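**Q** Pasting a structure below so you can have a look.
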Amino acid sequence: SKCDENSLPLNDAIQRGHIEIALSLIEQVLDMNSSQGLLEKENENGETPLLIAAKCNQWKLIEVILKNRSDLVEQKDKNDNNLLHLLANLNEDGGAETIGNIFKILSNDTKQILLVGKNKLSQTPLEIAQSHGNPFSCELLIENEK
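In structure tokens:
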């Protein structure tokens with residue numbers, strides 16, 4: 032099998048739940064100066080490693096990316112969802128703990144940008160959490176609004 036030139040090993044590792052592999056890839060690229068754009072690479076849905084980690088609720092990966100590359104926090108997918116939209120969208124309120132953890136490391140300004148961000152359906156993260164009946168996520172999102 033020939034190598035797929037469009038292959039995104041980091042994105043794939045996260046998507047498939049290979050968290051330790053993903054973590055070591057992230058740590059390796061963080062050691063390189065340019066990080067070769069690996070953390071900016073998007074899949075066909077416009078999702079970067081950070082956004083895939085949010086969609087898969089992988090706090091360990093989100094944490095290491097945000098602590099080292101806080102400039103990536105405002106990334107959005109093709110539907111303009113940011114990481115809070117994706118976490119608020121998880122079934123059974125699965126993203127609540129991760130949302131809480133993220134809020135502990137973000138500045139207030141950054142929190143506000145993410146909280147008021149609207150996707151292409153004009154939904155904020157809070158509106159998504161409400162529409163999915165995710166009470167703990169709702170609570171955290173409301174608490175952190177100015």
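The numbering used here puts the first residue of the sequence shown at 32, with every later residue one more than the last. Glycine included, each C-beta is placed from N, C-alpha and C at the ideal position. Note that the structure is predicted; figures quoted are calculated from it, not measured.
Tell me the rounded alpha-carbon separation between L61 and L114.
**A** By one-based count along the sequence shown, residue 61 stands at place 30. By one-based count along the sequence shown, residue 114 stands at place 83. In a straight line, the C-alpha of L61 is about 20 Å away from that of L114.
**Q** How long is the line joining the alpha carbons of Q243 and E123, rounded to whole angstroms?
**A** Because the chain is modelled from 32 through 177, residue 243 falls outside the range shown and cannot be assessed.
**Q** So, using beta-carbon positions, are I130 and L70 closer together than 8 Å?
**A** Counting from one through the sequence shown, the residue named residue 130 turns up at place 99. Counting from one through the sequence shown, the residue named residue 70 turns up at place 39. No; because the gap between Cβ atoms is not below 8 Å, this pair is not in contact.
**Q** Is Q106 closer than 8 Å to L137 when the C-beta atoms are compared?
**A** By one-based count along the sequence shown, residue 137 stands at place 106. By one-based count along the sequence shown, residue 106 stands at place 75. Contact: no.
**Q** With a threshold of 7 Å on Cβ separation, who are the neighbours of I1 within its own chain once the five nearest residues in sequence on each side are excluded?
**A** Lying outside 32 to 177, the shown extent of the chain, residue 1 is not represented and no answer is given.
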